[in-house]
Amino acid sequence: MNAEELQRLAADADRDAQAGNWSGALAAWRRALELLPPDSRQFATVSARLSDLSRRADPAATSTAPQHKPAWAKRAGIPGAIALFLWKFKIALAFILTKGKLLLLGLTKGSTFFSMLLSLGVYWTAWGWKFAAGLVGSIYVHEMGHVAMLRHFGIPATAPMFLPGVGAVIRARFYPNEPVAQARVGLAGPIWGLGAALAAYVLYLATAAPFWAGLARVGAWINLFNLLPVWQLDGSHAFKALSRRQRWIAAAVLGGMWFLTAEGLLLPLTVVAIWRAWGGSDAPNEGAGDYRTLWEYGMLVVILSAMTRIPALDWGAP
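So for the sequence shown, my numbering puts the first residue at 660; every next one is plus one.
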């Protein structure tokens, strides 16, 4: 029975790969891997194919040519780099044009919907219904960023489960030798979360309603916290793709933003990043470190840290 299923999955994977559907091919090979004994030769062969397909599916692999900054970004300095970051990933546009269906799909899952209502009730009691709804919505957007990237790499995952006072969690199975995929999935949450925080800040600028400023600041703080490179937090997944030298650079960015913004959260992030760089036994070789992960992590730190300086206005919470 397993042999027939393996043949079918292999055929599906080959067909999807030939059509350029990397997500479908990855999903098929991952299902095949679960049917094989871990110590078998076939398991090693399929694992190697998965590693190769993950590199092809990586959004950064769409172009192997060197990427140069536009002239306007170079002239604008740090603000230009931030603008380039937002333009490159098209955060707001992706929400509206390509991810709206996925965001709605998550709400159809009973575990997500009812746990979301539970969290909404808890936060409502503490801060009022408007802020509670905005906070739950921003956490949901963050988690669905993970889901979108997991789907891109063909990795099966559960729907988000909300835990009042903690946030939300997604269970997913990562496979050996895929640190870049783990980094992409890990940072997708803060990137989407940054989009939600920026949307709230834009609404504050448009309406002058203090509620939106508060939501933008809290959303930025939560996503910055998730960049802590420890345990199962998003920053830890990102650090798995960074060489020791790149980890030191990330630690320097964190320390620099702590010096510039005096945001207390950045101090433990800096300390843990130094610890991960100093140890570094799990770091890839210098030549194998992923520069896109370093760039994304650094820009997230810079923008989110700056947003924690949004004035704490009286937005009417009880």
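For glycine and all other residues, C-beta sits at the position ideal for the given N, C-alpha and C.
Q. In this structure, does DSSP put Asp675 in helix, strand or coil?
A. Position 16 of the sequence shown holds residue 675. Three-state result, Asp675: helix.
**Q.** Between the CA atoms of Val961 and Leu986 - distance to the nearest angstrom
**A.** Any answer about residue 986 is impossible in this case: the structure gives the chain only from 660 up to 977.
Q: Specify the secondary structure class of Leu694 as computed by DSSP and reduced to three states.
A: Along the sequence shown, one-based indexing puts residue 694 at 35. Correct three-state label for Leu694: coil.
Q: Can you grab the Cα-Cα spacing for the pair Gly915 / Pro869, in whole Å?
A: As a first step, residue 915 must be located in the sequence shown, where it is residue number 256. As a first step, residue 869 must be located in the sequence shown, where it is residue number 210. Spanning the two alpha carbons is a distance of roughly 29 Å.
**Q.** Identity of the residue in Val828, Arg714, Trp788 nearest Ser770 by Cα
**A.** Your numbering for residue 770 matches position 111 in the sequence shown. Out of Val828, Arg714, Trp788, Val828 has the C-alpha closest to the C-alpha of Ser770.
Q: Decide if Asn944 is buried, meaning its Cβ has at least 16 other Cβ atoms within 10 Å, or exposed.
A: Along the sequence shown, one-based indexing puts residue 944 at 285. Label assigned to Asn944: exposed.
Q. Within the 8 Å Cβ cut-off, does Asp893 reach chain D?
A. The question asks about chain D, but that chain is absent: this structure has only one protein chain.
(Q) Counting C-beta neighbours from all protein chains within 10 Å, is the total for Leu887 16 or more, i.e. buried, or is it exposed? (A) Indexing the sequence shown from 1 puts residue 887 at position 228. Buried is the call here.
(Q) If I measure Cβ to Cβ from Phe821 and keep anything under 6 Å in the same chain, skipping five residues before and after, which residues do I get? (A) Residue numbering aside, residue 821 sits at position 162 when the sequence shown is read from its first letter. Taken in chain order, the residues that qualify are Ser774, Met775, Ser778, Ala827.
(Q) Let me make sure I understand the geometry here. Which of Phe884, Ala909, Gly939 has the alpha-carbon closest to that of Tyr950? (A) Along the sequence shown, one-based indexing puts residue 950 at 291. Comparing Cα-Cα distances from Tyr950 to each of Phe884, Ala909, Gly939, the minimum goes to Ala909.
**Q.** Check whether Arg810 and Ser710 have beta carbons under 8 Å apart
**A.** As a working note, residue 810 is residue 151 in the sequence shown. As a working note, residue 710 is residue 51 in the sequence shown. The answer is no: Cβ separation not under 8 Å.
(Q) The alpha helix (DSSP H) that contains Val643, what's its start and end? (A) It is not possible to answer for residue 643, since the shown part of the chain is limited to 660 through 977.
Q.
Just to confirm my understanding: we take Ala676, look at its own chain, exclude 5 residues before and 5 after, and list those with CB closer than 6 Å. What are they?
A. Residue numbering aside, residue 676 sits at position 17 when the sequence shown is read from its first letter. Within the same chain, Ala676 has close Cβ partners Ala684.
Q: Please classify Asn885: is it buried, with 16 or more other beta-carbons within 10 angstroms of its beta-carbon, or exposed?
A: Against the sequence shown, residue 885 aligns to sequence position 226. With 16 or more other Cβ atoms within 10 Å, it is buried.
Q: Taking Leu668 and Arg690 to be in contact with their CB atoms under 8 Å, please state how far apart those CB atoms are, rounded to whole angstroms.
A: Locating residue 668 in the sequence shown gives position 9, counting from the first residue. Locating residue 690 in the sequence shown gives position 31, counting from the first residue. Correct: roughly 6 Å between the Cβ atoms.
Q: Decide if Gln841 is buried, meaning its Cβ has at least 16 other Cβ atoms within 10 Å, or exposed.
A: The residue you call residue 841 lines up with position 182 of the sequence shown. Under this definition Gln841 is a buried residue.
Q | Residues near Tyr956 in its chain [Cβ-Cβ closer than 6 Å; skip 5 each side] | A | Here residue 956 refers to the residue found at position 297 of the sequence shown. Result list for Tyr956: Ala897, Ala909, in chain order.
Q.
For Leu864, report the span of its alpha helix (DSSP H) as first-last.
A. Indexing the sequence shown from 1 puts residue 864 at position 205. Per DSSP, Leu864 belongs to the alpha helix (DSSP H) from 838-866.
Q: Compare the beta carbon distance of Met966 and Ala875 with 8 Å and say whether it is the shorter of the two.
A: Translated into positions along the sequence shown, residue 966 becomes position 307. Translated into positions along the sequence shown, residue 875 becomes position 216. Yes. Within cutoff.
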